[in-house]
Every structure is written in structure tokens, then in C-alpha cells.
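Chains as they are written, first to last, in my numbering: chain A, 1 to 369; chain B, 370 to 774; chain C, 775 to 1348. For each residue, glycine too, the CB sits at the ideal point set by N, CA and C. A quick write-up on the structure given underneath.
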Amino acid sequence: MKLTKLTALAVTTALVAPAVSAQDMADEMTIVSWGGAYSRSQQKAYHEPYMEKTGVKIINDESSNEAVAKLRAMNEAGNVTWDVVDVVAADALRLCDEGLAMEIDPDEMLAAAPDGTSAEEDFGELLVGDCFIPQIVYSTTFGYRTDMVPEGVEPPNDICDVWDLETYPGKRSLEKRPINNMEWALLCDGVAKDEVYDVLATPEGQEQALAKLDEIKDDVIWWSAGADTPQLLADGEIFMGSTYNGRLFSVIEEQDQPVAMMWDAQVFDLDGWIIPAGLPEDRLNRALDYIMFATDTQRLADQAAWISYGPARKSSAPLVGKHAELGIDMAPHMPTDPANAQNTFLYNYEFWADYRDDIDAKFQAWLAK
Amino acid sequence: MSLRAMNHRNPVATHQNLRLGFDIKRRRPLRKKHNGEIALAAPNGNDAFVEFERVQKSYDGETLVVKDLNLTMPKGEFLTMLGPSGSGKTTCLMMLAGFETATHGDIRLDGVSINNIPPHKRGIGMVFQNYALFPHMTIAENLSFPLEVRNIGKSDREEKVKRALDMVEMGDFGGRRPAQLSGGQQQRVALARALVFEPELVLMDEPLGALDKQLREKMQFEITDLAHRLGITVVYVTHDQTEALTMSDRVAVFNDGRIQQLDPPDVLYEEPKNSFVAQFIGENNTLEGTIKEVNGDIGLIQLDDGGLIDAKLINVSKPGERTRVSIRPERVEFNRDRLQEGVHTLKAEVLEFIYMGDIFRTRLRVAGNDEFIIKTRNAPDQVRLQPGQQIEIGWLPQDCRALDA
Amino acid sequence: MSDVTDATTGKRAPTPDDALRIADSKQGGPVLAADGTPLKRSLARALRVQKLRALALIAPLLIFVLLTFIMPIADMLFRSVENSIVSNTLPYTTEALADWEPDTGEAPGEEVFQALYYDMFLAAEAKEHTTLGSRLNYENSGISSLFRGSGRSVDDVGEDQIDMLEDQGEHWEDPAFWYAMMSGDGGATDEGILQQQRQRLANLTSDNFGGEIGFIPGAEIAGILPRTVRAYTAFALFTAIADEDVVAEEEPWEAVKVALIEDLRTTDLSGYSGPGAAELQEAQGALADAEPISYRTAFEGMDKDWADSDVWRTIKIYSPAYTTGYFLNAIDMQKGPDGPEARPENQQIYIMLFKRTLFMSLMITGSCILLGYPVAWILANLPARSANMLMILVLLPFWTSLLVRTSAWKVMLQQQGVINDTLVWLGLVADESRLVMINNQFGTIVAMTHILLPFMILPMYSVMQTINPTYLRAAKSLGATNWTAFWRVYFPQSVPGIGAGSILVFILAIGYYITPEIVGGTTGTFISNRIAYHISSSLNWGLAAALGSILLAVVLILYWAYDKIVGIDNVKLG
């Protein structure tokens, strides 16, 4: 294992060294991320090689789940201490709207692909909003206990099996917020995939989705932390539950639990970087240098060796190799893998930016009933 | 020192205080009252009201705090348990109250063994060192409390509370809280509360310990007066010998878990039975020596420096035995004219003369003892000794007691 | 007796205040101190020095508390009514909207859209329009993307007319030409416009727009081209201060040109001979036949929602600098066309959550009392050595992280958890019907009782420690049974400890959110969970502040009620 790491390190250093001339920078920067396995993958794929290359010391802050509020508070206090922040695309949009994140120019700030394709083209439509620098593609999908599938029944393979309490008895776990759940409910209530957001924009559509969720409400455990569903699955508390595909990967492959992944109508979502607005010149330059380094084609592919999230660049996909520790091929576990992505659902950022508060109020009122 | 308590050593019954309307004629026969409390009445009219029989107490199973205690108290007696701290006197009191159980032996109240009777059924009044007045209740409520738990009707209660408060001259304070009273006032209230339900036995655990000297003396008088007026039996614990001597009918001197002597105050003072009692009660001069000759109950003692004295043999008897001779300062005579013919005298050097108003206190060096004190009355013809003066001292053989060494 | 009061005499020891009082009560003129000043005054002076010294001693703490506690709270409370963002971002629009009647159901007229154009343009340049969009989106879903989208395309308004203007000659794209024309030719200047625009930009961005910018609008041109000068001044301020560029070297942005086109349509240039007079007349002539810019059409082209009178009604309702909207929202109401009205039933949640929070906090406090009292009693009555051991057990929860403790309860209580497994093993519960003890109110009460128990035990313990055991002995010696002695004598004296513990636990419970979030499921969540959501997720800090203010008010009212009923001096921590 150690050897692999060293090799990876050597390879990355060799690749990067000629590309970017080492700059003399002040020596510390604070990078905010989610913690856990995800932060570890970033540490291995980005931070360690970058520190090696530049001598900059990276301080990790695991505050991403409250990054929006904290950034706003820092901004109001006039003292932003973060240099680069890892957030989901929806939060990036919000931060951008609030003027808390810096607008980016992809072609100028991000490295082109090895074959010369511009960054803008390489990231393509994943460049959501004006401030977001995509890093990974993840999906929210369902995992289920293989040992709890009733005998003589096919394992669940359709999103609507979540609603089929007769065939698949047992509790479900769903996230304690409307996002994703409302879409799935409408999909299983006969709404066509490309009409989901149009329907959801109307009060009737929202009622329809809640009515559909009502059918399973009594059998749902609502989660709020990403670790909840994997734990509930491992404990056998639930039959199936939604969570991020990387979490399920670790339950299945690393912890070897009798759990399987259901790839249907999984919601594609993005996670990436933003740079806080209003950084002083020297810190801004350092942050930009880091971003340029950490989002190039090879680095994004490297991260996939540590966690089963797909790299956001098209050019990275062919470079995804084996898991750095388990040695299994990572490509089949990526949400972007063609076999997995047969029926995916694309998260609509603009819609949720507009309707999140309204629908959340209704959703929470419904939950509390 | 006035032994005023002597005045009260007569039977109590005659002193029932009818002025306050306390009905304490309720005496016999022995019956269970409605609340299960033992009615305190002697079955046969003999003197044994409180009895300790071979009582032992150990807390840790290794050492005995109370060793083989035997004690009999008649009704109406004011008995004081006196002793240094750790001598077992408080433990005895607590066993009597029911807060400690005897490890061995029998405690009887009016002839009935109370070993297995819980404290609240013993019907014994108790006054605590810190008064233990309930801080959240007014004075009247404090007094009313024992009556309430005995299911006494409201009007009766108020009547009794009022009488009890008047008795201790606290009639105007019924509405106050304990914290609003001075120490002396709290003491009176505590006393009233221990008496309001008309117990025949009242225990007092160093009740005056927290008061200043003047107040303490006043309260000593009031307590004894009240006790005798009401004819109640009192067991009083103190480590203050003056208090014990002034108040009690009898004093039990405790040391090392045993009663060293149980006697009326004058006997205790004048005829201590062992050197602990002699030391503990009053001021005392001691000289150490060996018995040389025995002549009836008078012995000739050779002191360690060779001097010879006469002393009454108390708990030593054989020639050659070591002894500690004890003599009260006021019984020492240095005026040769007043000494009996032929008694042995000792040479002494005056070290210090202290004028104390009513008496003179002179410190001497006698037979190598620098702390030998004599007390003389301040009379017109009294000699004032000067430091450095050489004198000769002597005493009546009866006043000098040869005790265990 | 250490009391100041001596009950025997009923007198208090004299205090300095007494001296003041005595001095007051003297009838025959003031008593004089040794130096001839009135005694009262010299005493007051002496006391003042004492007071100042005492104040100086507590000053560091006072300042610390003020800065780190009181001011943030005050600021947070202020947010619950503060709403100046609308009028700061859209100053001209809100002004123009004053005459518009929302009841007509029609979107407002052209002049409002024109005002919106200038406001939106500047806000988009300063990137403040999306912030306002997010703010108004709380009231009306969709405004967020409406503003975001419009900000992107607002510089396309009047494209054709600008092209026509620029066709008249390159000077219309020449920064120096513009600068000269707008400054006037050394004639009178108009500082007033500059000040107005400084204020407007400062309001918009919350930044300081003071300082020299190298441009002062000319008075004459300001009279002839008022819109243009206003727009140019805003442009000049933004360029010089926000962008830190030289005004005379930057080409004015589109809004300035649109303003000029608008001005040229109505203004009379005949008396003007200053810089650019000829060019202006030429442009006026050339644009005379051009179609006027329709701002309304332009905005409706960006997003059809601009034609929706609801959007405008929201802007109008929230244009005052202070609003009751957050508070209304916090009690399940909203601002309707005819004043406050109840929210639709499917959005009502806060009142219910407030009630639930109070109810559950009371339950938790009650169960803490029931469980904590015996423990505190044992602690207070054990010999010191064993008491210390037990105390460690009581304090143990403090040493483990809240998350660990709460998660441990999950393991205990869940359906495949320890308790259910034991019950099934004992045969008390069938395997199919395992008890649901978590993700509901029960789980929340259990976990929070456990977490808050030390806060109940410690004050009770410290109060009980001060209760002398002789009180119980005294009560028994007076004839009370064990129970009566406890209930009548011991318990009343321990009530202050219960009071202190209850206040502590209740106030802690009412503001708890981590544990309810983890084990509360849907029926065990508290109002604090919603507050946390609005603080950290929805960023609706105004609503969070309103909810927090109400919670604070509820606590204060309960505290006041407690004081009235039990008496706050009946609370002690030992």
C-alpha cells in the first residue's frame, strides 16, 4: 500500500512539475471540506502533492456542511479566513447569489485538458453558475440489504420499489428534506422525467408529491447526516435507504456488508470548489494556484482512486484506475459509468434555488403532521 | 464556685409547674398511645426510668466507641454526660434517641427495651447543638410540627404552641423565621419545640455550645429551672465541666468509652475517684510519688524528689505502689498557723502572683512541679505572696487524694 | 451569628446608606463635614469613588460580555425586523412603486420599469441583485432566478438605440469625450448629485464610497441631461472607488447611454453650448425617429414573471426599511393583500413547533427531576469517598462528546438495538413487533434527559449538601415518620435546588437542536432545529432571528412567571 502511494506521488509530481513552475508563496492556506473519507481522498490526491510541490502548508477545516452560513458570517464580520471551500453545486449557486463567492473564468483559471481541449469545454455543462468549479459527480441513490429481500423475489431495481411495501417490506430511510424525495415521488406517481420540475413548480404538483410520499411516511426513517443510511443499513434497521453513492461503496466494498446498490433514477449532483469573494491579492493568487493544480485532468482522476465519485472532467474518465487500497477497478462504481447511468435524473439547480424555501416549508409541515 | 444545681436535687414531682398549665401528671400506666408511641410511665414506680445495660457500640467492627456502659436514671433527674470529644457521650445520647443502634446490650426506657423502636416512636424530645430549627418554617410552624404529626387538632395546637413560646418568653416571635432570630432566641425556640409535645425525657446535645459566655450562663439557669419546674427527665451532653457542674443533678464523666464516675457535682469535684476525673473536673495540682506507709485510709507518700506528704488513699492501697496525688488549689494552706500540728509540709517557691479580683492565684514550684497553683480568697487579712518568696505549704490529709498514677 | 441583623435588638449594623438617610432626615440645614462641605455631598463623593472603583474592576468582563454576547444578540434581534435591502437595492423603483395599486392585478407602468432598469443595472454591476433576489425569494418563490436572470441580460436593454447612437461617431465610445461633457467646461458644478449617488452606492453595497474620484458633474449639463448625469456619476463613483480605475479613461456603461437616449428625447438643447453641444444636437436629430425604448417589454422579454403583479406586490410590500414579515412568518402568518393573514394550512409549522418545544422541554425537566433527585440525595448523604466516585459517574456524560452520547442512545433504542434485542430474547416482545423507541418524542426525551441530567443533579446536590442531616433527626425526634420528615422538612429545603436545576435544564432543553435532530425523527424535533436550518441552510437569518426572538420572549415570560409563582430568590446553586 505504501508503495502504491509513493508511486502515485512520484507520478503526479513528475507530471505536474513541468506544467506549473513552482512559485514562491506564503506558506499557509485553509481549505474547507466535508471531512471523513472524502477529505481523505482530497488529502491524498490534491493536498499532499500540492504541499510537496509548493511547500505551502494546507490547513483542513471540516466545515463544508455549514459553509454557506459561516462564509456569510465571516463576510459580515469582514474577516474571511478560508481560502478554498468545497461545497455542493447548490450551495455554490447560493453563495454566488449572495456575493460571497468569487466569479470564475474557467478558461483563464483552470488548466486545459492534456489534449488541449479548453477547460470550459472539458467541464462542459457541469460548470453550474458563475462561481462553481466542479470537482466530482456524485449521485444520491438507494442501497438495500440483500439478506432482507424476501425469498423468491427479484431484488429491487426500480426507484418505485421504494414505494412497494408489499413486495419489499421493511423500513426505508430518506433524507429529511424535500430535494430528491419530491422528484422520486413524482416519477413514481406517473410524471414523465422531463416534466418533473414543471409539475413540482405548481402547488398541485407539490401536493401530489407529498401525497405520494404519504404512502410510505410511516415506514420512513428520515436522515440528516450522510453517515445515517449506511449505519442504518449495517444495523439492519432499514431495508433500503437513500444516500450518496460513495457512502454505499464503502459499506459494500470496504465494510463488506450484505448491501447492494440500486442504480435507478439516481440523482446526479455536483460537488466542487469555490473561492470566497474579496480575498486579498496574495491569498487569492495562492487559492487560484491551488485550484489550477487540483482540478487538472490527472488530479481529478487520482481522486477517484480513493473514493467512488466520478471526476468532473470528461478527459479524466479514461484515467480512472483501481482503488488505491482495495485494488478493485473503480470505473464500474462511478455514477458516471455507462452501465450505472442508464436511468439517471439530473438535479435542477435553478429550480431548487427558487423553490427550496417554499417547498421546504411545506415539506417540514407535512413531516411534522 | 457555686454549686447551685444542688438546690434542685430534690424530687421533681413537687415542682410541677402548674402556672404554665403543662400537664405532666400523665405518668402511668404503660400503654400504647394512639400513634404507637410508648407512653412513658414507670411500671413499678422504682427509680429506673432510663437504663443502659451493658451497652456497647462499634462503628467499624474493630474498636468500641462505647464499652460496657451501665447507667440507671430515675425520673425527673437532670443528668449530664461530660467528657472530652470522642469519649462516647454523644454516641450514648444518639443511641438513646434512636439515631444509632447499640451493637450490644439493652437500652430501656421506663422498663421497656427501646432497641427496636424507631426514633419517631420513642417520644423523646431533643435539642440539637445547632438547634436544627427548620429554616423554611416560622417559629410557630416549627413548634406546631411535632403536634401536627401527632394529629392534634388545630386549636389545641395553637394553644400549646402559644404556651410553649410564652414559657421561653418568645411569645412575640411566632411569625418569624429562624434566620431572623439571634442565637439565644433560637436556643429558646429549640427548647420550646423539644418540650411542646410534652415528652418526659429530653435529650440535649451541647445545646449551648454556640452561645457566648454570658448568654450561656443565663441559658444554663433557664434550662435547669424549666426542667425542674416541668419535672422532666433530662440527659444533657456537654464537654464544658462548668456547665455540667452548675446544671446537673448527677454528672457522668465519660472517657474512653466508659463512665469514669457518676455522681452529683459536689461529690465529683471533691471526691474524684480516679486521676482522670480529678484532672478533668476543676483545677487540680498533681504530684507523683510512691506509697511508703499505709495507715488506715491515710497513706504516707514519698514524692519523687524525696518529700513526704500525707494523702487519702482512693484507688491505690499497697505500699510501694506508684500514685498520683491530687490536691485542689483552694485546699492548700501556707499559713503555718492554720495547719494542723504534725502534718507533713513541703517547701515551695513562689513563681508568680496573679490578682484576679475575688481570689488570688499564685503559681509555685513544688517538688519539681512548676505549675502548682494555690488559690486564696481576697480577704483583708490575706497575705499577698511575692515571686521569689520561699514558703512552706501543707493541707489536711483528707483533702489530698492519692489516685492511680 | 454572622448576620448583619441582630434580632435581639432588631437593629442593623449601620451602613453608609444609613448615614445618607440620617443626613436627609435632619431638619435644621445640612450637616457639614469637617472641611465645611455638606456631609451629604462629601459622603456621596466618597461613595462615588467606591462605585467607580468597583466598576473598574468589573469593566473588563462587562466589556467582554457586551462585545461578545449582548451586541451579537441585539444585532440578531434587529435582523428580525430589518429590511432595508429592498429600498437600498431598488431605490428608484420603490419610489416609483409608491403610486402603484397592487389591487388592480396589473403590472405597474413604464416609469416603474424604467426606474427598475437603472436600479437593476447598477445592482448587477455591484453584484447585489442576486442577494435581493434571495431575500425576496423567501416571500415569493421564483424571484431568485428572476433577479439572477435579469441581472445577466439587463445590459442588453436598448441595444438597438445604443447602436444607433454609437453610429453617430466614435466620440460616443470615447471616455475622454464623455468625461469632458459630463464635467462641464470649468463652469458651475453640482456637488448635490455626487453626494446623492455616493449615498446610493453606499446603501447598495454597504461599502464606503467617500473620497476623491476626480469627477464632479457640471451644473449646466445636469440641468439639460439629468438622467445621464445621474447615471454617469454613479458610473464614475463605481469606476473610481470600486474598480479603482480613472474615470476619464473608462467608457461609460450602457445605462449611461440609455439615459442619454432617454434624455435626448425630451430635452431642449438650444441654449447649450458647452462641451459636446454639437455632437448632442447631432445625436438628438439622428435619434428623433428611433423607436423609444420600452423597458417593460425588455424586462418581460427577460422573464415573463415581470408581468406578474404578484412579484411587484411582493416588492412593494417589502419596500419599507422595517418589516413585520419575519415575525408574521414565525407565527405562521404572512402579509396578504389585506394585511396579515394566516398561512395556508400546509405551510403552518412554527406555532406547532413552539408548543411542542415547550411541552417536551417540560417533560424533560420533569423526568430530570424524577431521576436526578434520588441521585442527588444519595450523593449528598454518602461519605465523601463514595460520593466522589458517584459524582464521577454523574459527570461522565460531560466528558464524552454530545454526538457520541446521542449515537449511543441510537444503538440502545433502535429496533435492532440493545433494549429491543433484550426484550425479544426475554420473550416480552415479539420479534415482528419490536418497540419503536427512537426517531420520535420518546427517543428525544430519553436522550435529552440523559444529557441534561447532570445539570439537574449538580444544583440539587449542592443545595442538598447544605441541608444539615440534623434537620431530619430533629424531625424524627419530634415524632415524624421517615416520609413525613422527608416531605415536610427535607424536601422544602431542597426546593431551591430543584428550582435552579429546572430553570437550567428547561432553558437548555428549549434551545437544544443537535439531539432532537439526530434522534427526534419527525415528531421529536424542536423549534431550534428550524432556527438552525434557517441560519445554516436557507440563510433566512431574518426569520431565524424572529423565531429566536420569540423563543427568548417565551423564556423571559416563563422566567417572570416562575419568579411570580415560586420566587427567584428560591433558586440557589448551593
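For residue i, three-class secondary structure by DSSP
i: K2(A); result: Confidence in K2(A) is poor, its pLDDT being 39 and thus under 50, which makes the residue's placement unreliable; the coordinate value appears in the next sentence. Looking at K2(A) - three-state DSSP - the assignment turns out to be helix.
i: E207(A); result: helix
i: T141(A); result: strand
i: Q1215(C); result: helix
i: T7(A); result: Caution is warranted here: a pLDDT of 38 is assigned to T7(A), below 50, making its placement in the model unreliable, and no coordinate value can be reported.
i: G737(B); result: coil
i: R177(A); result: coil
i: D214(A); result: helix
i: H713(B); result: coil
i: Q135(A); result: strand
i: Q342(A); result: coil
i: E657(B); result: strand
i: E62(A); result: coil
i: N439(B); result: strand
i: M334(A); result: coil
i: I664(B); result: Sequence inspection shows Asn at residue 664(B); the Ile mentioned does not correspond to that position. Here N664(B) sits in strand by DSSP.
i: S242(A); result: strand
CB contact check: residue i to chain A, cutoff 8 Å
i: Y1333(C); result: no
i: Q1122(C); result: yes
i: E902(C); result: yes
i: T1349(C); result: Outside the modelled stretch of chain C, which goes from 775 to 1348, sits residue 1349(C), for which no answer is possible.
i: G1285(C); result: no
i: I1277(C); result: no
One or two residues paired with residue i in a DSSP bridge
i: P812(C); result: L806(C)
i: Y428(B); result: Y428(B) is not bridged to any residue.
i: R1004(C); result: DSSP lists no partner for R1004(C).
i: E125(A); result: BP columns for E125(A) are empty, so no partner.
i: L448(B); result: V604(B) and R619(B)
i: Y1069(C); result: DSSP lists no partner for Y1069(C).
i: C769(B); result: I696(B)
i: H473(B); result: Q425(B)
i: P1114(C); result: K1109(C)
i: L482(B); result: Going by the sequence as given, residue 482(B) is Ser instead of Leu. S482(B) pairs with R477(B).
Any C-beta of chain C under 8 Å from that of residue i
i: A234(A); result: no
i: V68(A); result: yes
i: Q342(A); result: no
i: Q42(A); result: no
Buried/exposed call for residue i, threshold 16 Cβ in 10 Å
i: L1170(C); result: exposed
i: Y428(B); result: exposed
i: D264(A); result: buried
i: Y1096(C); result: exposed
Residue-chain proximity (residue i, chain B), Cβ-Cβ < 8 Å
i: R1130(C); result: no
i: T1255(C); result: yes
i: Y1245(C); result: yes
i: T1258(C); result: yes
Which full runs of the alpha helix (DSSP H) of 4+ residues lie inside the stretch 268-324 of chain A, going along the chain? 281-294 and 297-303
Counting only runs that start and end within the stretch 501-559 of chain B, where is the alpha helix (DSSP H) found for 4 or more residues in a row? 508-517 and 523-536
Complete beta strand (DSSP E) runs within the stretch 623-649 of chain B (minimum length 3 residues, chain order): 627-632
Contained alpha helix (DSSP H) runs [length at least 4] in the stretch 875-899 of chain C, N- to C-terminal order: 884-899
Inside the stretch 70-117 of chain A only - beta strand (DSSP E) runs reaching at least 3 residues: 84-88
Would you list, in sequence order, the uninterrupted alpha helix (DSSP H) runs of no fewer than 4 residues that lie entirely inside the stretch 1170-1238 of chain C? 1176-1187 and 1192-1200
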